[in-house]
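Residue numbering for the sequence shown follows full-length UniProt numbering, starting at 1 and increasing by one per position. For every residue, glycine included, the Cβ atom is placed at its ideal position computed from N, Cα and C. Okay, structure first, notes after.
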Amino acid sequence: MASLKTKLLHEVRAPKSKKELANIIRAQRIAEKVLKDTLAILKNGISEIEVQNFIKKSFVKYGAPVLSFSPIVAFGKNSANIHHEPQKNKQAKLKKGDIIMLDFGTTVNHYCSDMTRTFFWGKPNKRQEKIYKDVLRAMELAMAKIAAGEKRAKIIDASARKFLAKKHNSNFKHGLGHGVGTVIHEWPNFKPKSPDILPVGTVMTIEPGLYIKGFGGVRIEDMVLITRNSYKNLTKMPKDFKNAILIPR
Ligand SMILES: [Mn+2]
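Here is the structure:
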């Protein structure tokens with residue numbers, strides 16, 4: 001058996017202790033509260049920046065002000081940008097028919113959370129619906145692979161990626177997901193060429209997406225704990241299609 005000394009530091013810190021895991025889950029629960037509060041303040045004409053500021057303020061209110069990263073708020077075709085940053089000079093304002101992509105997380109005792117949800121401001125059109133359902137399906141395929149005991153990162157990545165490549169010309173250019181700990185993106189990584197084998201006890205994101213320039217994108221992201229034979233989903237926020245439809249006001 002390999003001694004601890006021969007292991008790289010990132011491999012040593014990947015599996016999370018009970019205490020570390022509790023911090024990640026706490027950070028995630030707070031983010032879910034913030035997401036629910038955020039949905040409640042959405043209204044026609046609100047800007048991405050206003051929503052981003054509300055998210056930041058809410059994390060302060062819930063006692064978790066040190067965020068995992070700057071919250072991503074993207075309306076309409078801005079959701080086609082993987083890491084959209086609301087810009088002060090070019091403010092997107094929410095209008096009926098928009099896609100809304102929200103990606104954020106916070107830290108508890110330095111441990112990060114990460115979650116993405118995509119919503120529709122009013123009844124989505126056929127193309128929006130198809131993109132959403134296929135991204136969700138890709139996510140389910142990846143989770144099913146892990147549930148079948150698969151630990152090879154590239155095989156899990158491929159299960160989601162190949163499905164989307166077959167159904168759509170476009171595909172996600174980022175990895176299917178990443179390890180989460182004291183750093184928001186840590187080892188191991190879901191990528192097409194990743195040599196990584198997921199250790200039991202690692203917390204991973206699963207975040208497939210489709211991004212169509214000039215139209216918009218959908219990304220859905222959960223955090224899961226890798227267990228001996230399967231996984232445990234640490235994200236409680238619903239993600240079914242029905243829940244993604246918001247009524248404009
Ligand atoms: Mn992520």
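Among the options, the one whose alpha carbon lies nearest that of residue i
i, options, result
"residue 130", "219, 70 and 91", "219"
"residue 174", "148, 208 and 132", "208"
Residue i to residue j span [Cα, whole Å]
i, j, result
"residue 79", "residue 118", "9 Å"
"residue 252", "residue 205", "This structure cannot speak to residue 252, because the chain is shown only from 1 to 249."
"residue 1", "residue 238", "Residue placement at residue 1 is poorly supported in this model, since its pLDDT is 46, which falls under 50; the coordinates are not used for a value here."
"residue 156", "residue 10", "20 Å"
"residue 178", "residue 44", "34 Å"
"residue 61", "residue 190", "34 Å"
"residue 194", "residue 188", "8 Å"
"residue 233", "residue 95", "33 Å"
"residue 123", "residue 203", "34 Å"
Cβ-based burial, residue i [other Cβ within 10 Å; buried from 16]
i, result
"residue 86", "buried"
"residue 114", "buried"
"residue 110", "exposed"
"residue 84", "buried"
"residue 161", "buried"
"residue 66", "exposed"
Under the three-state DSSP convention, the category residue i falls into
i, result
"residue 66", "coil"
"residue 220", "coil"
"residue 56", "helix"
"residue 190", "strand"
"residue 38", "helix"
Range covered by the beta strand (DSSP E) that runs through residue i
i, result
"residue 119", "115-121"
"residue 205", "203-206"
"residue 75", "72-75"
"residue 101", "99-104"
"residue 251", "Only positions 1 to 249 of the chain appear in this structure, which leaves residue 251 out of reach."
C-beta neighbour in chain B for residue i, strict 7 Å
i, result
"residue 188", "Any reference to chain B falls outside this structure, which holds one protein chain only."
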